[in-house]
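In our numbering, the protein residues as written are -3 to 596. Ideal Cβ placement from N, Cα and C applies to all residues, glycine included.
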């Protein structure tokens, strides 16, 4: 017999169920979310990495270094330590060694492989005196690259000595935040902790001694990795004084690890996108020749980044590089571009949101920032303006999307600004926006020095992103699909990925997003691929223009139409390749003309 529960009991049970769900949810959440982790287990992971690395054949020199200098320390630093905490595999080996004579260490390493100096990569160390080796070490700030003998990998191992960066002369170039303003002092006897103080972010300031498993983490980097927090080593203001490019690195790491940038650091990042307090005329007014060249570069930057403020933003300022004797940007475009592209590849949504929040979007990617408040027809875009639509497209990309499709998604509607038109019936159209978007995407690609092949792929994706979406996809002929979309399977797959994300990011006034056309396009592409696998992907056309002329066809535009009709039949598998006669081709052409008349 069941007993009916009272209302109070039901209420209590309901509260109990909510409490149980909360507890269960907390238990299942990651340590990052609830801020709890087992420090001992994390440290054991790092020590395990140290043991595993020390046992590698490439590092068989460790024992000799220890015998040469019993007090020596050989520390693994950088990404491999950070990745070990996250349970990721890393191939990078970056070492810092101290308490051993640098020349002596180079001589030991030479017995186990090739030692390379950036300043003189082809130097024959066996022919150099001690003084010459010391000079090379000084020129490279004690940093060498080592290629172990018989190594399975061609990757060089970076090996350096602890350094101190002296920024007492920061600003000597006229502005602060210039990386090459630092005077680096290498000191082989310097404790490793002192070297870690000069690092940019706490997550990059963790080291482990390969010889004894000692972990050095005086800046709390381990906890920041676990909690998903991007924090500066020391005072974040240092970045404005020492190296503004570190702000772009912070954004990149936040995207790579899905981490949050600590508020004080985010405040500093905002500053690099604000106009400088002093103009170049105020700084270099007494040096007219330098000022002239600085102004010329400033004009190029204003044009390229579409800057309208009187003074350039801090990160885009121009200074006179006394070492190279020329005008240069505060943060080189190559450096800026590399960090930005890595961030987009890691997480395009987080990157765009972070840049927007810190004021960097309108400075670095004004084409994207301008998409805000560009209205669209509610009939097709109930989601809102073009910027919001772009963000939805980025969110709808699959996790494994390629870098080029992520970049194309960010740029696919840039041209809607120039092509916006309000029609007489009140609707909004963007005729030809795909072509204009490709023009603006090219500006972005050139700004950040994208490699030629990558740039061409991105522009092709942007220019063709509407093809799978348009209603006429069902009437496109096979030979047209072949010529336009089957030169590269991977690129066509990326186009379908982009078009599907675009469709999912477009919410019509009535109903849900519709991917029917994209699905049909994908099905036709797959069907054509199967046919080509039978016919032969590289099978040449069954007849040539010259052969048509020999059959008696008149030269002119009609020849091309006939060739396309024959190729279409060939792709359908409806051609008897053994009997290509004038009469047979006339039948194909008559069939095509009849189909064209009916569809007209």
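Which full runs of the beta strand (DSSP E) of 3+ residues lie inside the stretch 108 to 175, going along the chain? As far as the stretch 108 to 175 is concerned, its whole beta strand (DSSP E) runs of at least 3 residues are 109 to 112, 140 to 144, 153 to 156, 159 to 162.
Integer-rounded CB distance, given that residue 401 should sit under 8 Å from residue 466: The residue labelled residue 466 in the question sits at position 470 within the chain shown. The residue labelled residue 401 in the question sits at position 405 within the chain shown. Residue 401 and residue 466 do not touch by the CB rule: their CB atoms are close to 19 Å apart, not below 8 Å.
Just to check, is the beta-carbon of residue 382 closer than 7 Å to a non-hydrogen atom of the ligand GTP? Here there are no bound small molecules, and the ligand GTP is not part of this structure.
Keeping to the same chain, check which residues put their C-beta closer than 6 Å to that of residue 294; ignore five residues upstream and five downstream. In the chain shown, counting from the first residue as 1, residue 294 sits at position 298. Cβ neighbours of residue 294 beyond the five flanking positions: 314.
Under the three-state DSSP convention, the category residue 51 falls into: Within the chain shown, numbered from 1, the residue matching residue 51 stands at position 55. Here residue 51 sits in coil by DSSP.
What is the DSSP secondary structure of residue 90, reduced to helix, strand or coil? If you number the chain shown from 1, residue 90 lands on position 94. Strand at residue 90.
How many angstroms separate the CA atom of residue 494 from the CA atom of residue 300? For this step, residue 494 is matched to residue 498 along the chain shown. For this step, residue 300 is matched to residue 304 along the chain shown. Each residue's Cα considered, the two are about 27 Å apart.
Need the endpoints of the beta strand (DSSP E) that residue 322 sits in, please. On the chain shown, position 326 is the one that residue 322 refers to. Annotation for residue 322: the continuous beta strand (DSSP E) segment containing it runs 322 to 325.
So, for residue 88: in the same chain, excluding its five sequence neighbours on each side, which residues have a beta-carbon less than 6 Å away from its beta-carbon? On the chain shown, position 92 is the one that residue 88 refers to. Taking C-beta separations shorter than 6 Å and ignoring five residues to either side along the sequence, the partners of residue 88 in its chain run 75, 76, following chain order.
Cβ-based neighbour list, residue 339, same chain, cut-off 6 Å, excluding 5 preceding and 5 following: Taking the chain shown and counting its residues from 1, the one referred to as residue 339 is at position 343. Excluding sequence neighbours, residue 339 sits near 247, 248, 251, 347.
Using the beta-carbon count (16 or more within 10 Å), is residue 610 buried or exposed? Nothing can be reported for residue 610, as the shown portion of the chain is limited to -3 through 596.
Under three-state DSSP, which class holds residue 280? The residue labelled residue 280 in the question sits at position 284 within the chain shown. Of the three classes helix, strand and coil, the one that applies to residue 280 here is helix, per DSSP.
Since residue 598 and residue 136 should fall inside the 8 Å C-beta cutoff, what is the C-beta to C-beta distance between them, to a whole number of angstroms? Missing from the structure shown is residue 598; the chain here goes from -3 to 596 and no further.
Which first and last residues belong to the alpha helix (DSSP H) in which residue 456 is found? As a first step, residue 456 must be located in the chain shown, where it is residue number 460. It spans 448 to 460 - the alpha helix (DSSP H) in which residue 456 sits, taken as one unbroken run.
Other residues of its chain near residue 61: CB distance less than 8 Å, five sequence neighbours each side excluded: Sequence index remark: in the chain shown, residue 61 carries index 65 (1-based). Residues 68, 70, 93, 96, 101, 104 of the same chain have their beta carbon placed closer than 8 Å to that of residue 61, with the five preceding and five following residues left out of the count.
Mapping the DSSP letters down to three states, classify residue 229 as helix, strand or coil. Taking the chain shown and counting its residues from 1, the one referred to as residue 229 is at position 233. Here residue 229 sits in coil by DSSP.
Would you report the Cα separation of residue 117 and residue 140, rounded to the nearest angstrom? One-based indexing of the chain shown puts residue 117 at position 121. One-based indexing of the chain shown puts residue 140 at position 144. Residue 117 and residue 140 have their alpha carbons spaced roughly 10 Å apart.
Taking just the CA atoms, how far does residue 424 sit from residue 221? By one-based count along the chain shown, residue 221 stands at place 225. By one-based count along the chain shown, residue 424 stands at place 428. In this model, residue 221 and residue 424 are separated by some 47 Å (Cα to Cα).
Those residues which DSSP pairs with residue 211 across a bridge: Taking the chain shown and counting its residues from 1, one reaches residue 211 at position 215. Residue 211 pairs with 204.
For residue 369 and residue 455, I'd like the C-alpha separation in whole angstroms. Counted from its first residue, the chain shown places residue 369 at position 373. Counted from its first residue, the chain shown places residue 455 at position 459. Their Cα atoms are separated by approximately 25 Å.
Report all residues from its chain with a CB closer than 8 Å to the CB of residue 145; omit the five preceding and five following residues, and keep chain order. One-based indexing of the chain shown puts residue 145 at position 149. Short of 8 Å from the beta carbon of residue 145, and not among the five residues preceding or following it, lie these beta carbons of its own chain, in chain order: 108, 109, 110.
Distance CB(residue 502)-CB(residue 408) smaller than 8 Å: For this step, residue 502 is matched to residue 506 along the chain shown. For this step, residue 408 is matched to residue 412 along the chain shown. No. Outside cutoff.
Going residue by residue through the stretch 468 to 503, where are the continuous alpha helix (DSSP H) segments of at least 4 residues, counting only ones entirely within it? With a minimum length of 4 residues, the continuous alpha helix (DSSP H) runs that stay inside the stretch 468 to 503 are 474 to 481, 485 to 500.
Would the beta-carbon of residue 309 fall within 8 Å of that of residue 244? Translated into the one-based positions of the chain shown, residue 309 becomes position 313. Translated into the one-based positions of the chain shown, residue 244 becomes position 248. No. Outside cutoff.
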